[in-house]
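Okay, so here's the structure we're looking at.
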Amino acid sequence: MAQTNPPFLTGVPELLVLRMLSGREMYGYEIVKAMRLVTGEAIGFGEGVVYPVLHALEEGGALKARRKSVNGRERVYYAVTTKGKRRLEHLSDEWRRVSSGVNSALNGNGAGGDPEHA
Amino acid sequence: MREAQFESLRLELLRSGVTPVYVERTILELTEHYCDLESAALAAGLGADEAARIAHDTLGNERAIAAAILTHPELLTFRTRHPRVAQCLQSAVTIGTLPGLPLLFCIEHRPELARWGAAVGLAATLMGSVLAALNWLIVMPF
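Residue numbers (the working numbering), protein chains in the order written: chain A, 2 to 119; chain B, 33 to 174.
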């Protein structure tokens, strides 16, 4: 492989958050619920860790946040910016490329053959 | 107040150099998230204690949340990210400000300085007059 892949290793939470927000704006609790739903709860995590991801994406200009009072509750809604859409496309491409490579390896197409018989 | 339960997290984040805006936002969002989780558990028919426990467990422990925040350097203050640069800038600003301080002092204390100037001028005039008179008397030929 010609290039290293840090986004693959560290970009999965970003990718999921951007994907959830690509349809409509949401607040943290909604984002986590949507993530659990679409991933079939395959990814387990303490829900509080979604906020640093959201804040980092906002700081990087991929998301914009606005406060909204709903039924006496203070919500912070996040929406994807144009920069965020580009980031989502990039991360999605990276993920497809890398997962395709991993699948290929798992299906036995590796150049080294079966390691047990090497 | 729910936010009180995240007070130790707030202090830890501030001590670690996380930007105060993000600290306050994180506490607000965690508090709201906790309330949502608790409400959902209560709506599912659980008791208050069990609902609180589930909300706490689902949200994750504060140490893990703090660790996750600290992995994002962009959420830290400039001083925390670049301590040497911040120190140099602070020194430069201090050195640049020092010569301007007397001027600022003068602008802020104009009335006092005017009174003080008038008093000194009057005293100098009076003293000069007395000395001139004495000088005139001393050198006066009899």
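Every residue, glycine too, gets a C-beta built ideally from N, C-alpha and C. Treat the numbers as computed from the prediction; the structure is a model and nothing was measured.
- At a C-beta separation below 8 Å, B:L60 has these neighbours in chain A: E75 and V77.
- Judged by DSSP secondary structure, B:A76 falls outside any beta strand (DSSP E); it is assigned neither H nor E.
- B:T51 places its beta carbon less than 7 Å from that of B:T109.
- Residues of chain A whose Cβ lies closer than 9 Å to the Cβ of B:R47 do not exist; the shortest such Cβ separation is about 17 Å.
- Taking the C-beta atoms as reference points, B:P105 is found no nearer than 7 Å to B:R95.
- If you draw a 10 Å sphere on the C-beta of B:F137, you find fewer than 16 other C-beta atoms in it, and that means exposed.
- Between the alpha carbons of A:E26 and A:T83 lies a distance of about 14 Å.
- If you draw a 10 Å sphere on the C-beta of B:M159, you find fewer than 16 other C-beta atoms in it, and that means exposed.
- If you look at A:L55, you'll find it in the alpha helix (DSSP H) that goes V51 to E60.
- Taking a Cβ-Cβ threshold of 9 Å, the residues of chain A close to B:H104 are P53, V54, H56, A57 and E60, in chain order.
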